[in-house]
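In the working numbering, the protein residues as written are 7 to 327.
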């Protein structure tokens with residue numbers, strides 16, 4: 007059953023009051039959608055075939071500021087704040103794989119989008135792969151940013167790399183301590199995540215960093231971030247490394263963009279997809295680490311536009327105009 011988007015929730019805050027706290031970006035309109043058990047904020051721009059963009063951590067819809075205007079010249083661009091992030095509700099539960107995926111499907115249904123182009127980053131990209139594997143008819147083409155594909159082979163070197171550079175994951179996942187480090191005091195962990203995984207120091211303005219950090223000062227959102235790592239991100243990493251998806255097949259045409267300077271997602275760890283995918287390619291982007299959209303927005307935009315424009319299965323059948 008589809009849940010129609012409610013237009014009277016446009017530009018209203020969590021208690022029904024007008025909400026004018028969204029950062030301004032030309033051509034972008036905002037609204038809230040009432041999904042089952044969740045009120046979701048969505049930023050939209052443009053018209054035409056729908057392209058859905060799923061952000062990563064510790065970001066929200068503003069992550070896409072560098073490509074949203076260019077993409078909106080060709081597509082109807084839909085940038086939700088995922089559960090717990092940005093201006094979307096941050097309930098105490100629902101940060102497991104099944105519920106997060108259900109949120110995305112409910113979003114597509116609420117907007118009556120049968121089939122979309124998809125771009126996703128970080129944990130949003132993990133959800134993107136889940137969507138393509140579980141409901142391939144909903145995604146025409148997929149651009150994944152900054153995460154390994156789900157078919158990586160187990161490699162002890164990967165565990166060592168994660169232990170060295172991904173030490174923050176169990177810290178964030180720890181109840182009480184994780185939320186305090188993310189949202190209280192000087193928020194050193196939040197600032198480390200944003201600044202420590204970029205090679206281009208000009209990727210962020212102070213305003214950009216503040217827009218991401220300020221949302222985590224809300225206790226419910228820092229608690230949600232901890233639950234996200236505890237219930238989804240770390241578990242999903244374990245599922246990938248233990249071969250959970252090696253019996254699956256990715257039929258959705260997919261392009262994975264990885265920062266050439268990413269300290270964790272290295273070329274030697276990304277084999278194993280050849281027999282599990284129908285149309286899959288990997289590109290390492292120079293001048294970028296983990297936050298590709300912030301560091302190299304022009305490259306991400308160019309690759310996405312080229313890929314989406316290529317003829318593919320059911321291109322003409324895409325809906326949502």
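Don't be surprised by glycine CBs; every beta carbon is placed ideally from N, CA and C. These numbers come from a predicted model, not from an experiment.
In summary, residue 27 is exposed, with fewer than 16 beta-carbon neighbours lying within 10 Å of its beta-carbon over all protein chains present. Contact holds between the region 86-102 and the region 235-247, because three or more Cβ pairs, one in each stretch, are under 8 Å apart. Short of 8 Å from the beta carbon of residue 309, and not among the five residues preceding or following it, lie these beta carbons of its own chain, in chain order: 149, 261, 263 and 289. Residue range 260-265 is occupied by the beta strand (DSSP E) that includes residue 262. The C-beta of residue 211 has fewer than 16 other C-beta atoms within 10 Å across all chains shown, which makes the residue exposed. Residue environment analysis places residue 232 among the buried positions, since at least 16 neighbouring C-beta atoms fall within 10 angstroms of its C-beta. In terms of CA proximity to residue 213, 69 leads the group 191, 46 and 69.
Ranked by how close their Cα comes to the Cα of residue 34, the residues 43, 220, 64 and 83 have 83 in first place. Remark: C-beta atoms of residue 164 and residue 158 approach each other more closely than 9 Å. In the DSSP secondary-structure assignment, residue 289 is bridged to 263. Of 85, 66, 51 and 62, the smallest CA-CA separation from residue 78 is found for 51. Residue 241 and residue 248 have their C-alpha atoms spaced approximately 11 Å apart.
Residue nearest to residue 93 within the set 151, 222 and 206 is 222 (criterion: CA-CA distance).
In the pairwise beta carbon analysis, the region 250-258 is classified as touching the region 277-289: at least three pairs are separated by under 8 Å. Sequence-distant Cβ neighbours of residue 183 in its own chain, meaning closer than 8 Å and more than five residues away, are 177. Residue 312: member of the alpha helix (DSSP H) spanning 303-315, first to last residue. Taken atom to atom, the span from the alpha-carbon of residue 41 to that of residue 180 is near 29 Å.
DSSP, reduced to helix, strand and coil, places residue 69 within a helical segment of the structure shown. Along the region 108-171, the beta strand (DSSP E) occurs as fully enclosed runs of 3 or more residues at 122-127 and 145-151, listed in sequence order. In this structure, residue 265 and residue 298 form a Cβ contact; the two beta carbons are roughly 5 Å apart against a cut-off of 8 Å.
Under a 10 Å Cβ-count criterion, residue 229 is classified as buried, with 16 or more other Cβ atoms of the shown protein chains found around its own Cβ.
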